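To start, the structure under review is shown below, and the notes come after it.
Number of protein chains: 2
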Amino acid sequence: MATGRTHRPATRSRGIPEATVARLPLYLRALTALSERSVPTVSSEELAAAAGVNSAKLRKDFSYLGSYGTRGVGYDVEYLVYQISRELGLTQDWPVVIVGIGNLGAALANYGGFASRGFRVAALIDADPAMAGKPVAGIPVQHSDDLEKIIEDNGVSIGVIATPAGAAQPVCDRLVAAGVTSILNFAPTVLSVPDGVDVRKVDLSIELQILAFHEQRKAGEEAAAGTDGGAPAVAARSESADKGPDGDVPAVMPA
Amino acid sequence: MATGRTHRPATRSRGIPEATVARLPLYLRALTALSERSVPTVSSEELAAAAGVNSAKLRKDFSYLGSYGTRGVGYDVEYLVYQISRELGLTQDWPVVIVGIGNLGAALANYGGFASRGFRVAALIDADPAMAGKPVAGIPVQHSDDLEKIIEDNGVSIGVIATPAGAAQPVCDRLVAAGVTSILNFAPTVLSVPDGVDVRKVDLSIELQILAFHEQRKAGEEAAAGTDGGAPAVAARSESADKGPDGDVPAVMPA
DNA sequence: CCATCTTTGTGCACGCGTTCACAAAGACAT
DNA sequence: ATGTCTTTGTGAACGCGTGCACAAAGATGG
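Chains A and B supply the protein sequences, listed in that same order.
Under my numbering, the first residue of the first sequence is numbered 1, with each subsequent residue one higher.
Under my numbering, the first residue of the second sequence is numbered 256, with each subsequent residue one higher.
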């Protein structure tokens, strides 16, 4: 998953494990699809397959919410949709601001998945005066001078940062000072926030790098010594003379 | 997390734990910043702070790669940059295709974090004939009819899916059939792929929902601090949702 | 009302990841 | 050389998450 979390005091958010919370949206999506097809009930096996998880895991996840199933039958789709929505807090309206209306910010503003789940884009904010007033996704962009006022007027508690890395921390500080307590960060930076503020991070580059690692592993071990071409001029250490240019320091793995 | 298929065989990817692999890009970014400031060495404590993790965790992570530190001094920045880059496979060039050039796909194409880390956008692919030939981020969009040929001609093994949900699985199947073995999925769908293919998922909506959960919990603690408020989720089957400060709202359903 | 069948809910064991705490290793000063 | 000081590398304990396997619960049919 694409996420990182800043220090959480392991409060185990009300008895529901973090891992379970992270899967609830997945279940909710699968259940919504079933609901649209007017499927009345679903077994843990079927729902687990639709959500891409293990059925035992799904049952255990639901057990944290309560006993909402009927043995021998399964789960009532509509009822479960409601319970999970309520548990996630999606039965209320969450005004959200997006700061940084570049390519990514515009994409986020246009992303349908937000509005369809109780999230409402309350404002788009950018530091570029030339952007001010220009509508993106039907919403006029506002200048970041008014950030605090926008937050307060709309009662925003969730902010999305889609600025360049350098601007992320200052923007974050201002958001927090204005009252935002949850931040979704797309900028490739570690944000530092006071206690009580949640930060989740989505980093496109990191995801690709993790894929590259596995891809390299799949490609085989001989690839490491074979291709020498694209190395980005990172000089190897001068001291250790016994190690060749591409000679590997013995990795931890035996074989 | 790596959301491959149902239960992958717990691949301890070459002795390096998944959790460690997921943090390596984080360390690499912090180290790169230090390198640009010409900092020669760094202690585990300093680097851990910069990466936003625990120093013991960082040292253990590095221990999986080998012993690259010097006791009493710390780690050589340049050397560590090289080692991590090599471990992640970033010393080679990875051609990547992006399928689905909507708002998000265009944002990804323009995203600088790709090119700066050994990833090269080899092609942009879209199903809309009107898009064909139109340049995005300086790269002409190609029609999806040519997907297989593009993959093969460029030796692409990593694909990024930024299509609508409905198109994701068919696109995924074609990518895999053409030889792609790693997929970064932005579409809100569970992709099913054969063994040996890695899928990582980035879901903007899910991240926001997780934030909403914590946000709701924080709001509930404030409102009901001291009362029975901490009642575990085993509330009765009635709709006694008393957590939110505002009243109960019927479940929001996507249109 | 009883038997059978289906599916949930969960106790339990196991493995991974995190954290602590400290010995070992090297730098540095004398 | 020797002692001191700093920092790494890691053994060990612990906690969380996962998956198995099964008993309990309810539906269903006779």
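Cβ atoms here follow ideal geometry from the backbone N, Cα and C, with glycine treated the same way.
Computed from a predicted model, the values in this text were never measured in an experiment.
DSSP-derived helix/strand/coil call for residue i
{"i": "B/ILE405", "result": "helix"}
{"i": "A/ASP198", "result": "strand"}
{"i": "B/SER437", "result": "strand"}
{"i": "A/ASP203", "result": "coil"}
{"i": "B/ASN309", "result": "coil"}
{"i": "A/PRO17", "result": "coil"}
{"i": "B/VAL347", "result": "First, the residue type needs correcting, since residue 347 of chain B is Gln and not Val in the sequence shown. Coil at B/GLN347, not helix or strand."}
{"i": "A/THR32", "result": "helix"}
{"i": "B/PRO280", "result": "helix"}
{"i": "A/PRO188", "result": "coil"}
{"i": "A/ASP128", "result": "coil"}
{"i": "B/PRO419", "result": "coil"}
{"i": "B/SER340", "result": "helix"}
{"i": "B/TYR319", "result": "helix"}
{"i": "B/VAL448", "result": "coil"}
{"i": "A/GLY102", "result": "coil"}
{"i": "B/ARG372", "result": "coil"}
{"i": "A/GLY220", "result": "coil"}
{"i": "A/ARG59", "result": "helix"}
{"i": "A/ARG37", "result": "coil"}
CB-CB length for residue i against residue j, believed under 8 Å
{"i": "B/LEU359", "j": "A/ALA107", "result": "4 Å"}
{"i": "B/ALA377", "j": "B/VAL411", "result": "6 Å"}
{"i": "B/SER280", "j": "A/ILE210", "result": "Correcting the residue identity first, residue 280 of chain B is Pro in this sequence and not Ser. Confirmed, Cβ separation roughly 7 Å."}
{"i": "B/ARG429", "j": "B/GLU403", "result": "7 Å"}
{"i": "A/VAL199", "j": "A/VAL160", "result": "Contact flag wrong, Cβ pair sits at about 11 Å."}
{"i": "B/GLY344", "j": "A/GLU215", "result": "7 Å"}
{"i": "B/VAL336", "j": "B/LEU302", "result": "In fact, because the Cβ distance is near 11 Å, the residues do not count as touching under 8 Å."}
{"i": "A/ILE101", "j": "A/LEU124", "result": "5 Å"}
{"i": "B/ALA385", "j": "B/SER399", "result": "Not quite, the Cβ-Cβ distance comes to about 13 Å (not below 8 Å), so this is no contact."}
{"i": "B/VAL457", "j": "A/VAL21", "result": "Between A/VAL21 and B/VAL457 the Cβ distance is about 18 Å, and since that is not below 8 Å, they are no contact."}
{"i": "A/LEU34", "j": "A/SER44", "result": "With a Cβ gap of about 13 Å, A/LEU34 and A/SER44 do not count as contacting."}
Beta bridge counterpart(s) of residue i as assigned by DSSP
{"i": "B/PRO390", "result": "B/PRO395"}
{"i": "A/ALA123", "result": "A/VAL97"}
{"i": "A/GLY159", "result": "A/VAL97 and A/ILE183"}
{"i": "B/TYR330", "result": "B/VAL297 and B/GLY324"}
TODO: Spell out a yes or no on whether the stretch 417-429 of chain B and the stretch 437-448 of chain B are touching, meaning 3 or more CB-CB pairs, one atom from each, closer than 8 Å.
DONE: yes
Open item on the list: With three or more C-beta pairs closer than 8 Å as the rule, is the stretch 339-351 of chain B touching the stretch 299-314 of chain B?
Closed with: no
Open item on the list: Below 8 Å, how does it come out for the stretch 426-436 of chain B and the stretch 366-373 of chain B: are there three or more Cβ pairs, yes or no?
Closed with: no
Open item on the list: Does the stretch 188-197 of chain A come into contact with the stretch 126-142 of chain A, if we say contact requires no fewer than three beta-carbon pairs (one atom in each stretch) closer than 8 Å?
Closed with: no
Open item on the list: So, does the stretch 17-37 of chain A touch the stretch 455-465 of chain B, judging by three or more C-beta pairs under 8 Å?
Closed with: yes
Task: the stretch 68-80 of chain A / the stretch 37-51 of chain A touching (three or more Cβ pairs under 8 Å) - done: yes
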